[in-house]
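Be aware that the first sequence starts at 2, since it is given in this note's numbering, and climbs by one per residue. Yeah, the Cβ is synthetic: ideal placement off N, Cα and C, and Gly gets one too.
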Amino acid sequence: MGVENPRALVFATANEEFGDYQANGAMAIAKQLGRNPRTIAQEIVDRAPLAEFNAELGIGGPGFINVRLDDGFLANALSDWTVSQPVEHAERIVVDYSSPNIAKELHVGHLRSTVIGDALVRLFEFVGHTVIRQNHVGDWGTAFGKLIAYVNADQDSSDFTIGGIEKLYVAASQEFETNFDFAQKARKEVIKLQKLDPNTLKTWEHIVRASLEDVQRIYSELDISLQLSDVRGESSYNAGLPSVVNDLENAGLIVESDGAKCVFVDGFQRKDGSPLPMIVQKSDGGYLYHTTDLAALKHRTQELSADRIIYLTDSRQIHHFQILFAVGRLAGYIPKEVSTEHLVFGSVLNKDGEPFRTRSGDNVLLRTLIDEGVERALDIVRSKSQHLTNGEQRKVARQVAVGAIKYADLSKNRTNDYRFDWDVMLSLDGNTAPYLQYAHARICSIFNRAEKDMSEFLEGEIKLQHPSERALALRLLRLAETLEQCLDERKPHYLCNYLYELTVHFMRFYENCPVLKANTPQLLDSRLCLCAKTAQVLRVGLENLGISLPLRM
RNA sequence: GCGCUCGUAGCUCAACUGGAUAGAGCAUCGGCCUUCUAAGCCGAGGGUUGAAGGUUCGAGUCCUUCCGAGCGUGCCA
């Protein structure tokens, strides 16, 4: 038609009465040509572009081309369909997430980075990327002086288990505030640590190990895929910090200001318009997190050969990452073809919209959160699932609780703050993990009752007889486009919304279409196949979000 | 002060990045269990998308101004 870059702009219709999909490209073309959009749409439709699929085309509104897929086409498409959706170009993606602090237990402040990060790495891997997880733990710094001094002073604490480390840290901090001698010892330990004194280092290692073991226990309870081998703490970059500063000096980027070594980057300025520096070495010679992050960046491009580097932190660090990436480019640490992304997320608020804290104002520990969730879930499971044994109830309660916590987080747009509300996330109504888990359990139950193996029905001829079967089929086929959108924007909530919508349609199908009492053997097999595929999508979807599914509940 | 993010039903959240009549759940009201798990399904009411302008065939989405909230703004991370 003589138009540059014509795009079909195909979307699922907002309203079923318009069909299944709509193409909005005609209006864009009409604008370019200065012609009537409906005429353009008609010309496109006249060419019968989807004739081979038997699709029904119509024109609506100012020039929408509505597409209703043929039932037979849909049924065939679903019969041949599989969940696997590999990307064309696989990349090596470094994902930096969770990042707990040693000697502090995981708390709500780590929840979103950990949960969202873990969902994304699983999804990246599912579509074929190579993911390198990096847990950038805070295992270095002045706080360790206090801890080491405290452990040294009290030999009993040397065999602490880490429920105790948090307490140890609190006790050490208190001692630091009130006991002058202790404070002196703590400062000495910091220096000894920096000089890699063997005894001090030994205690440090001991603390780090115990702390990491505790972190792994929480990960395991939360079904987080991070392993000890993914840990690469701040301490591991220590030796490289001077060379980072050296690199920056060689690149002519360092400016001394008030005794501190700074990098100034165009575009970063303070309120008065004066340039805002990144300080890479303090006036006392010490290094800062900027420097460590630069060293990590260098490591990730040069040693890990990343194509992409992704960071998950809350939105307060936006500025830090902007300047970090800018300096990384200037220093040559980030080659042109490598992309860096800072994925931000909002804060976790309580029911009333305030920061989520304990009564005394402390961060809520993930340990506490899991325990409370399991307890609440167990109450519900005991009252609703009396057909399960005690042991099964406990297991289901755990899956429901962990699923609920993670799903509540993942199902919201990550960039916004979200409210943590037990009653909403554990509810069986609405866009929640238990609702999806329940639908899956119902499907399993059908196969149990029929004494058939679900995996044998993943393939088979599908017949779409009832409108709810058709609607379900259409939703199943949208997995691929959902995953694409989800990973395109690195926003898991698109997948959650999809899974919820899929489940709603499954529930309707379930109400309207008896499976085991279907009229003919062909219809029985077709419906079992729809069930099996739905269960598979739920499983693939939820498991890639890090959420497990009970077979019964 | 400046910068970033945000403001959608009484509440919690969506809205495929500019598309048709802004959708779900909770809460409220009303229906459906001798049939595969009722932890379910069906229906009803509920909106000037913070306000006012602007761009466009078309705006919750883009631009401007205002109001309001949160966060950030040089040696902590």
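Item	Value
Limits of the beta strand (DSSP E) - the one that residue 89 falls within	Residue 89 -> no beta strand (DSSP E), and no H or E assigned at all.
Opposing strand residues paired with residue 336 [DSSP bridges]	Note: residue 336 sits in no beta bridge, so no partner.
Those runs of the alpha helix (DSSP H) which lie wholly inside the region 390-450 and span at least 4 residues	391-411 and 423-426
Where residue 46 sits in the DSSP three-state scheme	helix
C-alpha gap between residue 529 and residue 550, whole angstroms	19 Å
Residues bridged to residue 514 (per DSSP)	Paired residues: none, contrary to the question.
Beta-bridge partners of residue 279, as assigned by DSSP	264
Contact test: residue 37 Cβ vs the ligand ATP heavy atom, cutoff 7 Å	Absence of the ligand ATP from the depicted structure is noted, as is the absence of any ligand whatsoever, leaving it without description.
Integer Cβ distance of residue 546 from residue 493, believed to fall under 8 Å	6 Å
The region 67-79 in contact with the region 40-59 per 3-pair CB rule at 8 Å	yes
Residue 309 to residue 92 span [Cα, whole Å]	7 Å
Buried versus exposed call for residue 252 [16 or more other C-beta atoms within 10 Å across all chains shown]	exposed
Residue 298 to residue 335 span [Cα, whole Å]	8 Å
For residue 575, the first and last residue of its enclosing alpha helix (DSSP H)	It is not possible to answer for residue 575, since the shown part of the chain is limited to 2 through 554.
Length at least 3, wholly inside the region 319-363: the beta strand (DSSP E) runs in chain order	340-346
Beta-carbon proximity list for residue 278, same chain, < 7 Å, skipping 5 on both sides	258, 263, 264 and 265
Pair within 8 Å by beta-carbon distance, residue 503 and residue 477	yes
Whole alpha helix (DSSP H) elements within the region 175-251, 4-residue minimum	181-195, 199-223 and 242-251
Continuous alpha helix (DSSP H) stretch holding residue 384: start and end	367-385
For residue 58, the residue or residues it bridges with in DSSP	68
For residue 102, the three-state DSSP class (helix, strand or coil)	strand
Residue 135 versus residue 437: straight-line alpha-carbon distance, rounded	31 Å
Extent of the continuous alpha helix (DSSP H) run through residue 290	290-303
Residue 81 classed as buried or exposed, judged by whether at least 16 other C-beta atoms fall within 10 angstroms	exposed
Inter-residue Cα distance where the pair is residue 211 and residue 199	18 Å
Where the alpha helix (DSSP H) through residue 469 begins and ends	468-477
Cβ pair residue 267, residue 332 closer than 8 Å	no
Alpha carbon of residue 388 to alpha carbon of residue 394, nearest angstrom	9 Å
For residue 106 and residue 317, the rounded distance between their alpha carbons	21 Å
Residue 473 to residue 95 span [Cα, whole Å]	36 Å
Whole-Å CB distance - residue 313 paired with residue 98, under 8 Å assumed	4 Å
Span of the alpha helix (DSSP H) around residue 533	522-545
Cβ pair count under 8 Å reaching 3, the region 405-417 against the region 346-360	yes
Cβ shell of residue 498 (< 6 Å), same chain only, five flanking positions each side left out	none
Helix, strand or coil at residue 8 according to DSSP, with G and I counted as helix	coil
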